[in-house]
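Note that the sequence shown covers residues 976 to 1293 in the numbering used here. Think of the CB as a built atom: it goes at the ideal place given N, C-alpha and C, for glycine as much as any other residue. All remarks here apply to the structure that follows.
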Amino acid sequence: MEVVSLPRDCLQTHHGQTTLIWNNHKRKRLRRRLPITQATTQAIRVWQARRDQLHPPARGDACLFPSLTALSGAAYISSGYLSEALRQWVDSLPRLNAEGVDAQGNPLPFDRTLIYPYAFRHSYAQRHADAGTPVDVLRELMDHKSIAMTQRYYTISLKRKQQAVTKLSAHAIDQTGQPAPCTPTAYEMRSVAVPYGGCTEPSNVKAGGGACPIRFQCAGCGFYRPDPSYLPAIEQHINELRADRETARAMDAAEFVITSLTAQITAFEHVTDRMHRRLDALPAAERAQIEEAATVLRKARAGENHTLLPLTASPKAP
Ligand code: SF4
976 MEVVSLPRDC LQTHHGQTTL IWNNHKRKRL RRRLPITQAT TQAIRVWQAR RDQLHPPARG
1036 DACLFPSLTA LSGAAYISSG YLSEALRQWV DSLPRLNAEG VDAQGNPLPF DRTLIYPYAF
1096 RHSYAQRHAD AGTPVDVLRE LMDHKSIAMT QRYYTISLKR KQQAVTKLSA HAIDQTGQPA
1156 PCTPTAYEMR SVAVPYGGCT EPSNVKAGGG ACPIRFQCAG CGFYRPDPSY LPAIEQHINE
1216 LRADRETARA MDAAEFVITS LTAQITAFEH VTDRMHRRLD ALPAAERAQI EEAATVLRKA
1276 RAGENHTLLP LTASPKAP
């Protein structure tokens, strides 16, 4: 309902930040403001330009999605029409993958029945909660009357994270690739997420991960405890180290610079190789669970440093 009833002039830009003006019909709170991204703004502007070419009945003049026929009882299209259009679009997508893989290692298909207009609102809220958006900010974004309603998304988020920690704490390794499982509590303590894995060095843990005594030379450090959730970060770091080595060679840098970079690349490759081999040896279902848990923890870690949308929520637009 909120989408189909959007006003035609639903965008307002102030100091470079665009907000969407929408009506919360359910709570009878009109002209709410929602900060939106540039991509969303652009998509709406494209439709506004297309909308300007349409000549619907006059009563839909102020609507972004006007009814195209006078036979309709409303000024704007029905939410059923939106659902049907979304269903047709989703059904037309050739492939839609879920997280995880089947026994043959192929991506599992996403259940398309889970895609319907209201699901986007839930996903939006859950993604914010997973990313660590403060509850009062999310309450404003969702225009919830009670904070208890918003809080439900954080309960789900916390539960998911705890399950993921329990799963991955059993799959941590040390810098030589040997298994180094730990309790979920210990995992939480050491997940002072240094860039490429957990750190167990006491002074660095105490400092929240920002006080490594040896400048984050994790691959050669006895306190390093990576787990599969760090695999993409480690593999990206290996690529960066390789690029640095090429640059160093092109600059005719001293041999010890090349040697040091090579040693780091080899050590990190050893870690990823051992991790991949351990994962490959697991049954597909177990591997899928680990990959899902790893995704949850990566999102949670990304949220710890994420930039919030500039929120200038106010009860009413002028
Ligand atoms: S080098 Fe060692 S002490 Fe430093 S952050 Fe990495 S694991 Fe921790």
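Taking the CB atoms as reference points, tell me whether Ala1139 and Ala1268 lie closer together than 8 Å.
Here the question's residue 1139 lines up with position 164 in the sequence shown. Here the question's residue 1268 lines up with position 293 in the sequence shown. Contact: yes.
May I have the straight-line CA-CA distance separating Tyr1091 from Leu1061, to the nearest angstrom?
The count along the sequence shown starts at 1 and reaches residue 1091 at position 116. The count along the sequence shown starts at 1 and reaches residue 1061 at position 86. Cα-Cα distance, rounded: 7 Å.
Mapping DSSP to helix, strand and coil, what is Ala1223?
The residue labelled residue 1223 in the question sits at position 248 within the sequence shown. DSSP places Ala1223 in helix when its eight states are reduced to three.
On the three-state DSSP scale, how would you describe Ala1073?
Taking the first residue of the sequence shown as position 1, residue 1073 is located at position 98. The answer is strand: DSSP assigns Ala1073 an E or B state.
Measuring alpha carbon to alpha carbon, tell me which residue in Ala1145, Cys985 and Ala1182 is nearest Ala1155.
As a working note, residue 1155 is residue 180 in the sequence shown. Of the listed residues, the one whose Cα sits closest to Ala1155 is Ala1145.
Can you find the residues in the same chain that come closer than 8 Å, C-beta to C-beta, to Gly1143, ignoring five residues on each side of it along the sequence?
Here residue 1143 corresponds to residue number 168 of the sequence shown, with the count starting at 1. The residue asked about is misnamed: residue 1143 is Leu in this sequence, not Gly. Contacts found: Tyr1162, Asp1202, Pro1203, Ser1204, Ile1265, Ala1268, Ala1269 and Leu1272.
Taking the Cβ atom as the reference point for each residue, do Ala1223 and Ile1233 lie within a distance shorter than 8 Å?
By 1-based counting over the sequence shown, the position of residue 1223 is 248. By 1-based counting over the sequence shown, the position of residue 1233 is 258. Going by C-beta atoms, Ala1223 is nearer than 8 Å to Ile1233.
Which partner residues does Gln987 have in the DSSP bridge list?
Taking the first residue of the sequence shown as position 1, residue 987 is located at position 12. In DSSP, Gln987 forms a bridge with Thr994.
Do Tyr1199 and the ligand SF4 come close, with the Cβ less than 7 Å from some heavy atom?
Reading the sequence shown from its first residue, position 224 is the one you call residue 1199. Yes, the beta carbon of Tyr1199 sits closer than 7 Å to at least one heavy atom of the ligand SF4.
Contiguous alpha helix (DSSP H) assignments of at least 4 residues, all confined to the stretch 1090 to 1138
1092 to 1105 and 1110 to 1117
When you compare the CB positions of Tyr1051 and Ser1058, do they come within less than 8 Å of one another, or not?
Numbered from its first residue, the sequence shown carries residue 1051 at position 76. Numbered from its first residue, the sequence shown carries residue 1058 at position 83. Going by C-beta atoms, Tyr1051 is not nearer than 8 Å to Ser1058.
Counted within 10 angstroms of its Cβ, other Cβ atoms place Ser1121 as buried (16 or more) or exposed
Taking the sequence shown and counting its residues from 1, the one referred to as residue 1121 is at position 146. So Ser1121 ends up on the exposed side.
What are the boundary residues of the beta strand (DSSP E) that Leu1254 is part of?
Position 279 of the sequence shown, counted from the start, is the residue given in the question as residue 1254. No beta strand (DSSP E) contains Leu1254, which is instead part of the alpha helix (DSSP H) from Glu1230 to Asp1255.
Pull up the CB-CB distance for Ala1147 and Lys1274, whole angstroms please, since I reckon it's below 8 Å.
Position 172 of the sequence shown, counted from the first residue, corresponds to residue 1147. Position 299 of the sequence shown, counted from the first residue, corresponds to residue 1274. In fact, because the Cβ distance is near 19 Å, the residues do not count as touching under 8 Å.
According to DSSP, is Gly1173 part of a helix, a strand, or is it coil?
Counting from 1 along the sequence shown, the entry for residue 1173 is found at position 198. DSSP places Gly1173 in strand when its eight states are reduced to three.
Pop quiz: Leu1009 and Trp997 are said to be a contact at Cβ under 8 Å. What is the actual Cβ separation, rounded to whole angstroms?
Here residue 1009 corresponds to residue number 34 of the sequence shown, with the count starting at 1. Here residue 997 corresponds to residue number 22 of the sequence shown, with the count starting at 1. At roughly 6 Å, the Cβ-Cβ gap stays under 8 Å, so Leu1009 and Trp997 are in contact.
Using alpha carbons as the reference points, say which of Gly1035, Arg1249 and Gly1048 lies closest to Gln1150.
On the sequence shown, position 175 is the one that residue 1150 refers to. Cα-wise, what sits closest to Gln1150 is Arg1249.
Indicate, with yes or no, if the ligand SF4 has a heavy atom lying under 7 Å from the CB of Phe1191.
By one-based count along the sequence shown, residue 1191 stands at place 216. Checking the Cβ of Phe1191 against the ligand SF4 gives yes.
Evaluate Glu1215 with the Cβ neighbour count: other Cβ atoms within 10 Å of its Cβ, from every protein chain shown; 16 or more gives buried, anything less gives exposed.
For the purposes of this step, residue 1215 is taken as residue 240 along the sequence shown, with counting starting at 1. Per the 10 Å Cβ criterion, exposed.
Cβ pair Gly1172, Arg1200 closer than 8 Å:
Residue numbering aside, residue 1172 sits at position 197 when the sequence shown is read from its first letter. Residue numbering aside, residue 1200 sits at position 225 when the sequence shown is read from its first letter. For Gly1172 and Arg1200, yes; Cβs fall inside 8 Å.
Which value, in whole angstroms, describes the spacing of the CA atoms of His1212 and Val1246?
By one-based count along the sequence shown, residue 1212 stands at place 237. By one-based count along the sequence shown, residue 1246 stands at place 271. Looking at the two C-alpha atoms, the distance is approximately 12 Å.
Using only the heavy atoms of the ligand SF4, determine whether one of them is closer than 7 Å to the beta carbon of Pro1177.
Locating residue 1177 in the sequence shown gives position 202, where the first residue counts as 1. No.
For Tyr1093, count the other beta carbons within 10 Å of its own beta carbon; 16 or more makes it buried, fewer makes it exposed. Which is it?
Looking up residue 1093 in the sequence shown gives position 118. It counts as exposed.
Helix, strand or coil at Ile1148 according to DSSP, with G and I counted as helix
As a working note, residue 1148 is residue 173 in the sequence shown. Strand, per DSSP.
Nearest neighbour of Asp984, chosen from Phe1040, Arg1190 and Ala1033 [CA to CA]
Here residue 984 is taken as the residue at index 9 of the sequence shown, counted from 1. It is Phe1040 whose Cα lies nearest to the Cα of Asp984.
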